Ligand SMILES: Nc1ncnc2c1ncn2[C@@H]1O[C@H](COP(=O)(O)OP(=O)(O)O)[C@@H](O)[C@H]1O
Ligand SMILES: [Mg+2]
């Protein structure tokens, strides 16, 4: 479900308190019993039920009776907590339109400390839904695998951007809360949507950036025409949560695949070719 600025504006302070309480209690409970929410917030039963009802209507909280009666945050609720914290810190002042949606993320434009892109990491959403169907599955690393995995993914992406900026042209990292990365909004278009005048020059710039990232200890690991943006003369590499270090056991293979993906695209689309071994040697040289 899309994150709704209207819903967030309408939240009552008690509802925000319940979201925070659920977040905290979900470290120890996959489903938080009503009694615990009451005890933790100090709200009466009718107040708690009313507030939980509103949060469920807004798609931020879910209620279930299996395996036991309880409440749980879902992605919109977690996204809301992250956004509220970025607003409180002064990073974000307004949420704009959705600008991208992938398998495991949703990207919004936002205003605040400049023109921003907010990337909401949603990892394990599908598996989370199947967890609801076959509840016997409980992961090793805690009660809420999707919270952990989504926050971790955002941390990884933010770490890569911080390491790469400003030596490699990537969105400038601005801030992070929970599963959300706030970064510079890139005005350009994705490479797969543009017809560059000088494709060979663009390909060179991408290989140059792959090499510079490698020297800084970062291999993208999901590079393709979809994760390159062209902003005027700038070639910007985006989408870094899955990056690996050159020490990783599969580093050589992953780097070669990144380079091959780029060469394949330029050869197929623009008939610009390069020798894969030479390109790879240049990147690692
Ligand atoms: N910093 C940004 N500025 C402008 N647009 C962005 C930015 N980051 C992502 N986007 C847009 O959102 C899309 C999805 O973002 P991306 O980081 O590639 O995530 P994923 O592909 O994993 O969903 C991108 O293809 C791009 O169109
Ligand atoms: Mg992408």
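Residue numbers (this note's numbering): 2 to 286. All C-beta atoms in this analysis are idealised placements derived from N, C-alpha and C, irrespective of residue type, glycine included. Small disclaimer: the values here were computed from a predicted structure and weren't measured.
Enclosing beta strand (DSSP E) for residue 275 [first to last residue]: Premise fails: residue 275 is in no beta strand (DSSP E) and is neither H nor E.
Residue 163: CB within 7 Å of a non-hydrogen atom of ligand 1: no
Distance cut-off 7 Å: residue 79 Cβ against heavy atoms of ligand 1: no
Length of the line joining the Cα atoms of residue 117 and residue 55: 30 Å
Cβ neighbour criterion (16 or more within 10 Å) applied to residue 29: exposed
Segment limits, beta strand (DSSP E) that includes residue 255: Looking at the DSSP string, residue 255 is not in any beta strand (DSSP E); the run it does join, the alpha helix (DSSP H), is 252-271.
Local Cβ density within 10 Å of residue 8, reported as buried at 16 or more and exposed below that: buried
Reference residue 62; option with closest CA among 68, 43 and 24: 24
Distance between residue 174 and residue 162 (C-alpha atoms, nearest Å): 6 Å
Beta-carbon proximity check, residue 263 vs residue 238, cutoff 8 Å: no
Residues near residue 171 in its chain [Cβ-Cβ closer than 6 Å; skip 5 each side]: 162, 165 and 238
Buried or exposed (CB count within 10 angstroms, at least 16 for buried), residue 148: buried
Close beta carbons around residue 275, own chain, < 6 Å, minus the five adjacent residues each side: 264
Environment of residue 68 [buried if 16+ CB atoms lie within 10 Å]: exposed
Supposed close pair residue 236, residue 80 - CB separation, criterion 8 Å: About 30 Å; that fails the 8 Å criterion.
Collapsed DSSP secondary structure at residue 21 in the structure displayed: helix
Beta-carbon proximity check, residue 21 vs residue 76, cutoff 8 Å: no
Proximity of residue 260 and residue 280 at Cβ, strictly below 8 Å: yes
Host alpha helix (DSSP H) of residue 204 (start-end): 200-216
Among 244, 227 and 53, the one whose alpha carbon lies nearest that of residue 287: Within the shown structure, residues of the chain are numbered from 2 to 286, placing residue 287 beyond reach of any answer.
Any non-hydrogen atom of ligand 2 closer than 7 Å to residue 227 Cβ: yes
Those residues which DSSP pairs with residue 115 across a bridge: 113
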